[in-house]
Structure formats: structure tokens, C-alpha cells
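Numbering (the numbering used here), first residue to last: 7 to 304.
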């Protein structure tokens, strides 16, 4: 039996078990759309906040710093990350942030990735300095604060929801597949008369679960986009007011709370990986002993 025939037989399971398949797809899609929606809204909120922040500060990031053992390390690190060093003047760079050190200089960045590289201090071995003596804080701008706030939200919201959603969806898919296999025991004999081996019969149902999850990803993504747009409409006036007050010198940007970052492909990838997990949870249903018992009606 060729691949085309196996795919065709796999696809017929959807029409043969239409109600169970549709019920499983819709249920799991609703579950999976929860972390995707959170990821979309979180990324969209971050994007619009960054637009306001960049507009307020001309896209520049200001980092005040002090190294207790001299200025050389500050100069070398600023040069690596292409930051501009200027003297720190308290009366010029007023900030409402409380600093627990007296800055020796201010490093200004035009690129966020370079600014965050300087800020995170992951180059201790390269420049041989004591990170505890290297005091650093963002002032005036708040791009790094935004980055850290949304990174915290990711850890607190998205990760646990993803774990719960994937476990729940895997169990539902496994239960659905196990129930379908139990009803199809007589079909196994037919498949064998058509020339299918035991491995090919297993492959037929594995392709079925893959098709099931492909539908789930499409539907859950569509639902997430719709929910994100609904949330944007609900929060439009509130978020516009908050951002306008926080960044009074910025232009006004529409607070469309839908954005894409690495979380979406991560959730999609993990969802696809949960397909074989669901399949393995009911692999024992293909054992000759269980098939024989079901055929006997036991």
C-alpha cells in the first residue's frame, strides 16, 4: 500500500468520525488559543508602548553608569556596544528614578540590542571587571524597563498557560483517538485485506492525528486574532489615555493589541510536538491482544 493510499485512508477517518473529530478540534482549538491570544496581546501591547517610548526619546536609550575602579571599563564596553559617552550632569538629566549611586557618565544608544547588551553585563570575562562594582541604570528613556516588564509577564503568564494547555489538549486528543481506534477494530481486518501491514495501520492513525492538529493550529490562530482584535477594541480608549499621559510628547499611535514574536512559533511548534505525544498515549490500542478482545466484544 502506497503513501497516497495511506493518506487517503487517514483522511477518511475525519468524515467517518465527523462529530468526534469536530468536537475534539474545536475543544482543543479553544484551549490552545488561550496562550496564543495572551502572546499576541502581550506582544502587541509591548510594540505600541515601544512606539510611544521611542517617539518620546527619539529612539535613544540613556544609561547612567559608574564603575568603582575607574572609567576605562566603561569606555571599553561603550565602544564595543557602540554607545556614546557623555558626562553626567544631574541638573541636565533630571529623572524621577531613584539612583542608589552617583553616575560618573551617561552612555547613549541608538540601537536597543546594543543597549541591552551593555545593560545585561554578560561580558565579564571579556573585559575582566567586577559586575558588583559596575553600577548601571536606565534614566530618561524606559526601553529597557519595558523589555524587562514584558519579559516578566511572559514568565508569569504565557509559560504556565502553555504547559497547562498542552497537557490538557494532549489528553483530549489521546482520548478521542483511543475511542476512534476502539470503534475501528473491524476496519483493521479490511485494511489488512487491502494489503496494509500493522505498521501501515498505525501510520494511518498517526497521519489522522497530525491532520487533526494541523486543523487545530489554523483554527486556534484565527480565534486568537479575533480575540486580540476584540480586546484591542475594548481597551482602545483606556490604553490610549494611559500611553498619552505617560508619553505626552509622543505622537498618538493606535493601540492595536496584536503582535508576533518568538512565542507564536514556539506555541505552534510545541502544539505540533504534542501530536506524537497524544498518539503515544494510546499506542497500546494497536496491540493484537486488545484488537482481538474488541472484535470478540469483550
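All residues carry an ideal CB built from backbone N, CA and C; glycine is no exception.
- In this structure, DSSP gives residue 221 a helical state, which the three-state scheme calls helix.
- Just measuring C-alpha positions, the residue of 73, 153, 44 and 32 sitting nearest residue 168 is 44.
- Proximity to residue 158 across 49, 32 and 271 peaks at 49, based on C-alpha coordinates.
- Between the segment 274 to 294 and the segment 171 to 180 there are three or more C-beta pairs closer than 8 angstroms, enough to call the two in contact.
- At the C-beta level, residue 160 and residue 269 come within 8 angstroms of one another.
- The segment 67 to 78 makes contact with the segment 134 to 143, as at least three CB pairs between them are under 8 angstroms.
- By the Cβ-count criterion, residue 35 is buried, with 16 or more other Cβ atoms from all chains shown falling within 10 Å of its own Cβ.
- The Cβ atoms of residue 23 and residue 217 lie no closer than 8 angstroms to each other.
- By the neighbour-count criterion, in which 16 or more other beta carbons inside 10 Å mark a residue as buried, residue 279 falls on the exposed side.
- With distances taken between CA atoms, residue 215 lies nearest to 288 out of 205, 226 and 288.
- Inter-residue distance for residue 123 and residue 87 is about 7 angstroms (C-alpha atoms, whole angstroms).
- With a threshold of 16 other beta carbon atoms within 10 Å, residue 189 falls short and is exposed.
- Taking all protein chains in view, the Cβ of residue 201 is surrounded by fewer than 16 other Cβ atoms within 10 Å, so the residue is classified as exposed.
- DSSP places residue 115 inside the beta strand (DSSP E), whose first and last residues are 111 to 115.
- Between the segment 50 to 63 and the segment 237 to 253, the count of Cβ pairs shorter than 8 angstroms is three or higher; the stretches touch.
- The three-state secondary structure of residue 143, taken from DSSP, is strand.
- DSSP, read as helix, strand or coil, puts residue 73 in strand.
- Residue state for residue 156 is assigned as helix, using DSSP reduced to three classes.
- Classified as exposed, residue 162 has fewer than 16 neighbouring CB atoms from the shown chains inside 10 Å of its CB.
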